[in-house]
Amino acid sequence: MGKIRIGMVGGGEGAFIGAVHRTALAIDGRCELVCGALSSTADKAKRSGLAIGLADDRSYSDYRSMLTAEAALPEEIRMQAVAIVTPNHAHFDVAMAALDAGFHVFCEKPMVMDMTQAQALASKVRETGLVFGLAHTYAGYPLVHQARSLVAAGRLGAIRKIIVEYPQGWLARMEEGGDNKQADWRTDPARAGGGGAIGDIGTHAHQLAEMISGEAVTEVRAELTRFVDGRRLDDDAEVAFRLSGGGKGHLLATQIAIGEENGLRIRVHGEKASLRWLQEEPNSLWFQPIDQPAQLWRAAAPYLDDHVAALCRTPMGHPEGYLEAFATLYLLFADRVAGKAGNDKILFPDIDTGLRGMAFLEAVIASDHDGGIWRKINV
Ligand SMILES: NC(=O)c1ccc[n+]([C@@H]2O[C@H](COP(=O)([O-])OP(=O)(O)OC[C@H]3O[C@@H](n4cnc5c(N)ncnc54)[C@H](O)[C@@H]3O)[C@@H](O)[C@H]2O)c1
Numbered sequence: 007m008g009k010i011r012i013g014m015v016g017g018g019e020g021a022f023i024g025a026v027h028r029t030a031l032a033i034d035g036r037c038e039l040v041c042g043a044l045s046s047t048a049d050k051a052k053r054s055g056l057a058i059g060l061a062d063d064r065s066y067s068d069y070r071s072m073l074t075a076e077a078a079l080p081e082e083i084r085m086q087a088v089a090i091v092t093p094n095h096a097h098f099d100v101a102m103a104a105l106d107a108g109f110h111v112f113c114e115k116p117m118v119m120d121m122t123q124a125q126a127l128a129s130k131v132r133e134t135g136l137v138f139g140l141a142h143t144y145a146g147y148p149l150v151h152q153a154r155s156l157v158a159a160g161r162l163g164a165i166r167k168i169i170v171e172y173p174q175g176w177l178a179r180m181e182e183g184g185d186n187k188q189a190d191w192r193t194d195p196a197r198a199g200g201g202g203a204i205g206d207i208g209t210h211a212h213q214l215a216e217m218i219s220g221e222a223v224t225e226v227r228a229e230l231t232r233f234v235d236g237r238r239l240d241d242d243a244e245v246a247f248r249l250s251g252g253g254k255g256h257l258l259a260t261q262i263a264i265g266e267e268n269g270l271r272i273r274v275h276g277e278k279a280s281l282r283w284l285q286e287e288p289n290s291l292w293f294q295p296i297d298q299p300a301q302l303w304r305a306a307a308p309y310l311d312d313h314v315a316a317l318c319r320t321p322m323g324h325p326e327g328y329l330e331a332f333a334t335l336y337l338l339f340a341d342r343v344a345g346k347a348g349n350d351k352i353l354f355p356d357i358d359t360g361l362r363g364m365a366f367l368e369a370v371i372a373s374d375h376d377g378g379i380w381r382k383i384n385v
């Protein structure tokens, strides 16, 4: 099977996540980067492409030139999919143009800026029948899939409570307005959207809760706070939520928690058992049945479900992490682009995941705006 040829938009000099995508897509040998329009300025885009070894004539000055030039190449050479790793405000235009030009899309989260864009993009994906993947990284960890499988098999019974938290500390003081590009756009409503911490990391927590529980977050009650003076978007979010199965939850997303790195953690409590998973220790999953000793489930262990074991690359004790989680998303994406039916048991974050994430985000912002009242999520 040939490699899926990818063109990247964003991820130029000094950018963060583009380089992670480039490493990850190459890990399993199923994808290759063939071209890119890596920056918002033409010179930098060109220079950035050459610096990572792209051919001169396939290192483009902007994404529109890339789409036009690639569409004109012979089919066996041209890119097949576009990876979008720009700040949030550019996702929609690039994704729509890529789909219109006949290319599959693998897009960063949060998917777009608002529900209007999300619905237009979803219609476009359905109309074109092209593959759309969303980079919800944590859906790439094997033990997250095992957690989902334990819930689906009824090992926890009905879910009563989910506590999911994503604390970071890197925005504890004013970082925007200077050299910190990542802080600058994340705190700017025109480039980040209506959510700060809630959009940037709260959407990951929401996706994780829905993925593991197999349920929908149906209602939210939220309070968004800007702790740092002069900041334009929330740097702290507290959200109470209700689940489609009758359970309840609490979601915390904060970027002012000094000392916290990427402490994404989820605890799921059912009527028969609980489980907990921490992103900074991703190869361990704790399962606690009622009145029994706690069980530590480990990545690559022989007792994992077959579809989960298939997502592990290294033997027990040789840790896999962030890059491999991204690689798994690219692997699942490559399968779909190649027309292979995905394994039903393995969730792949797609346009519906993106729609749900945007609906959650809008409901949280609306709830906060209205003084913290319950808001239904309609999607
Ligand atoms: N899935 C994850 O775990 C994860 C982690 C970090 C960031 N992200 C997401 O990835 C995206 C990028 O975040 P980042 O931290 O890498 O940002 P960044 O500021 O480090 O990099 C953004 C890059 O996009 C380029 N760019 C902007 N507009 C462009 C355009 N129109 N055409 C071409 N290039 C353009 C910039 O020049 C820059 O190179 C965001 O949507 C963010 O939410 C996701």
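Residue numbers 7 to 385, in the working numbering, belong to the letters of the sequence shown in order.
Ideal placement from N, C-alpha and C gives every residue a C-beta, glycine not left out.
- Within the model, the alpha-carbon separation for Ala198 versus Ile83 is close to 35 Å.
- Bridge partners of Thr231 according to DSSP: Asp242.
- Counting along the chain, no alpha helix (DSSP H) covers Glu38; the unbroken beta strand (DSSP E) around it starts and ends at Cys37 to Ala43.
- Proximity of the beta carbon of Lys52 to ligand 1 is not indicated: no heavy atom of the ligand is located closer than 6 Å.
- Under the DSSP definition of a beta bridge, Gln213 lacks any partner.
- In this structure Met119 is not in contact with His151, their Cβ atoms being roughly 30 Å apart against a cut-off of 8 Å.
- The continuous stretches of alpha helix (DSSP H) do not include Arg237, and DSSP gives it neither H nor E.
- Cβ contact annotation for Glu229 (same chain, cutoff 7 Å, sequence separation greater than five): Glu244, Asp374 and Gly378, in chain order.
- Straight through space, the alpha carbons of Gly255 and Asp312 are spaced by roughly 30 Å.
- Ala259 is a Cβ neighbour of Ile204, given a cutoff of 7 Å.
- From the listed residues Met121, Thr134 and Thr122, the smallest Cα separation to Ala103 is found for Thr134.
- Counting C-beta pairs closer than 8 Å gives three or more between the region 143-163 and the region 209-229, which meets the contact rule.
- Relative to the non-hydrogen atoms of ligand 1, the Cβ of Ile23 comes within a distance shorter than 6 Å of at least one.
- Spanning the alpha carbons of Gly269 and Glu81 requires a straight line of approximately 44 Å.
- When Cβ pairs closer than 8 Å are counted between the two stretches, the region 57-64 is seen to touch the region 39-48, the count reaching three or more.
- Between the C-alpha atoms of Leu361 and Gln213 there is a straight-line separation of about 11 Å.
- Met121 sits in a helix when the DSSP states are folded into three classes.
- DSSP places Tyr172 within a strand segment (E or B) once states are collapsed to three.
- Residue state for Gln188 is assigned as helix, using DSSP reduced to three classes.
- Taking C-alpha positions only, Cys318 is separated from Val157 by approximately 20 Å.
- Judged by the Cβ position, Tyr69 qualifies as a neighbour of ligand 1 at the 6 Å threshold, a heavy atom of the ligand being closer than this.
- Look at the region 45-104 and you find these whole runs of alpha helix (DSSP H), each 4 residues long or longer: 48-57 and 69-77.
- In the DSSP assignment, Pro295 is bridged to Ala279.
- Under the three-state reduction of DSSP output, Arg197 falls in the helix class.
- Cβ atoms of Ala51 and Ser67 come within 8 Å of each other, at about 5 Å.
- At a Cβ-Cβ threshold of 7 Å, Val91 and His110 do not count as neighbours.
- In the structure shown, Gln285 adopts coil according to DSSP, grouped into three states.
- Between Ala307 and the set Phe233, Pro321 and Asn349, the nearest pair of CA atoms involves Pro321.
- Judged by DSSP in its simplified three-state form, Arg154 adopts helix.
- For Val385, the closest C-alpha among the options Glu277, Met364, Ala164 and Ala141 is that of Met364.
- Ala259 is bridged by DSSP to Tyr172 and Ala243.
- Tyr172 sits buried, since 16 or more C-beta atoms from the chains shown fall within 10 Å of its C-beta.
- Under the three-state reduction of DSSP, Leu353 is assigned to coil, being neither helix nor strand.
- Ligand 1 never approaches Pro288 closely enough for any of its heavy atoms to be under 6 Å from the residue's Cβ.
- The beta carbons of Ile10 and Ala340 sit closer together than 7 Å.
- Taken through DSSP and simplified to helix, strand or coil, Met14 comes out as strand.
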